[in-house]
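Residue numbers (the numbering used here): 1 to 340.
For every residue, glycine included, the Cβ atom is placed at its ideal position computed from N, Cα and C.
I have placed the structure first, in the form of structure tokens, so that the comments after it can refer back to it.
Structure follows, in structure tokens:
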């Protein structure tokens with residue numbers, strides 16, 4: 001298995017994912033260094049600071065503290081998403097299938113271990129993941145039942161931290177222009193300040209555009225109670241309303257929603273993968289590599305869906321859901337792996 005549990009942390013042994021996770025941290029550190037050096041230190045420096053290690057005015061300490069809090073929250077959420085078991089079928093509570101689950105599937109790649117209808121085998125983690133959305137190299141982990149909330153929070157906190165960086169850089173530039181008595185006689189800003197601030201601004205703006213798509217996809221996933229893999233299969237879980245689906249990801253206690261910890265309810269391994277209305281046959285999965293699922297599983301998935309559809313038809317209970325919203329899929333979009 002390509003996963004190790006080290007001191008209780010879930011670690012995926014994948015060079016590409018580890019490299020992209022490290023790149024994420026480097027980009028965060030770069031933006032932090034630029035904002036602190038060319039915004040906070042430039043405008044809030046004090047010769048008589050309250051704390052010698054932080055030579056800023058009281059206002060500067062507030063700005064510095066708020067900015068570092070947002071960045072630390074973003075980093076810790078990313079760390080949690082990396083090191084949290086996304087919902088593997090390895091634990092004691094999922095060793096045997098529920099008694100109410102008829103004819104449970106067996107994974108050909110997990111030594112014929114049973115897997116729920118909404119579980120899929122990740123070719124990177126080399127294990128079945130319950131409610132697997134996709135394998136995301138930017139967190140070096142699958143996005144599944146346990147860490148979907150962490151993935152969404154990380155994307156949200158990235159957008160907040162980048163927006164805050166852009167606001168501080170913009171205000172700093174405006175203040176510099178307004179502080180000049182005459183633009184014609186104003187000394188030019190230093191080359192490193194302009195270059196590094198410009199690079200940080202481009203990084204933050206590009207990151208916001210890049211990550212916003214993940215938020216939209218996850219919002220659609222919650223709305224339809226489906227995953228990215230299931231959207232390709234054109235299936236979904238049991239439907240209720242939006243907030244019912246939301247609580248399946250974030251839990252019932254709204255006070256815990258913004259915190260980077262697992263708050264999802266216990267997984268319902270008996271939940272079926274219901275074919276979408278209007279689909280006469282299970283659809284093949286064309287993006288197996290980008291999604292991260294094992295290719296050998298495709299035919300097995302299609303057979304299982306067709307079997308369930310036939311049972312639903314025999315029972316006269318095919319679920320009508322013409323208004324079901326399909327998640328947008330773009331075959332040429334590598335972001336399904338957060339590349340993704």
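Rounded to the nearest angstrom, the gap between the Cα atoms of residue 254 and residue 46 is 41 angstroms. The C-alpha of residue 249 is placed about 21 angstroms away from the C-alpha of residue 276. In chain order, 12 and 125 place their CB closer than 6 angstroms to the CB of residue 3, counting only its own chain and leaving out the 5 sequence neighbours on each side.
Residue 241 and residue 223 have their alpha carbons spaced roughly 8 angstroms apart. For residue 245, the enclosing alpha helix (DSSP H) begins and ends at 242-250.
Under the DSSP assignment, residue 25 falls in the alpha helix (DSSP H) whose first and last residues are 15-35. Rounded to the nearest angstrom, the gap between the Cα atoms of residue 96 and residue 269 is 10 angstroms. When only Cα atoms are considered, residue 60 and residue 66 end up about 10 angstroms apart. Between the C-alpha atoms of residue 58 and residue 172 there is a straight-line separation of about 17 angstroms. One thing to note: residue 20 has its Cβ no nearer than 8 angstroms to the Cβ of residue 141. As a beta-bridge residue in DSSP terms, residue 54 pairs with 51. With a cutoff of 8 angstroms on beta-carbon distance, residue 87 and residue 149 are scored as not near each other. Three or more pairs of CB atoms, one per stretch, sit closer than 8 angstroms, so the region 79-86 contacts the region 150-163. When C-beta atoms of the region 219-235 are compared with those of the region 197-210, fewer than three pairs fall below 8 angstroms, so the two segments do not count as touching.
Bridge pairing for residue 115: 105 [DSSP].
Here DSSP, grouped into helix, strand and coil, assigns residue 145 to coil. Of the candidates 32, 315, 14 and 311, the residue whose Cα lies closest to the Cα of residue 163 is 32.
For the pair residue 264 and residue 215, the CB atoms are not nearer than the 8 angstroms cut-off. Each residue's CA atom was taken as its position, placing residue 101 and residue 273 some 12 angstroms apart.
The alpha-carbon separation between residue 6 and residue 85 amounts to approximately 12 angstroms.
Note: residue 136 is bridge-paired with 141 in the DSSP secondary-structure output. Apart from sequence neighbours up to five positions away, the residues of its chain that approach residue 106 with a beta-carbon distance below 8 angstroms are 112, 113, 114 and 115, ordered along the chain. The three-state secondary structure of residue 266, taken from DSSP, is coil. Cβ atoms of residue 120 and residue 128 come within 8 angstroms of each other, at about 7 angstroms. Three or more Cβ pairs closer than 8 angstroms define a contact, and the region 184-199 meets that threshold against the region 21-40.
Residue range 41-44 is occupied by the alpha helix (DSSP H) that includes residue 43, with no beta strand (DSSP E) assigned at that position. Per DSSP, the continuous beta strand (DSSP E) segment holding residue 9 begins and ends at 9-12. Across the structure, residue 68 and residue 40 are spaced so that their CA atoms are roughly 11 angstroms apart.
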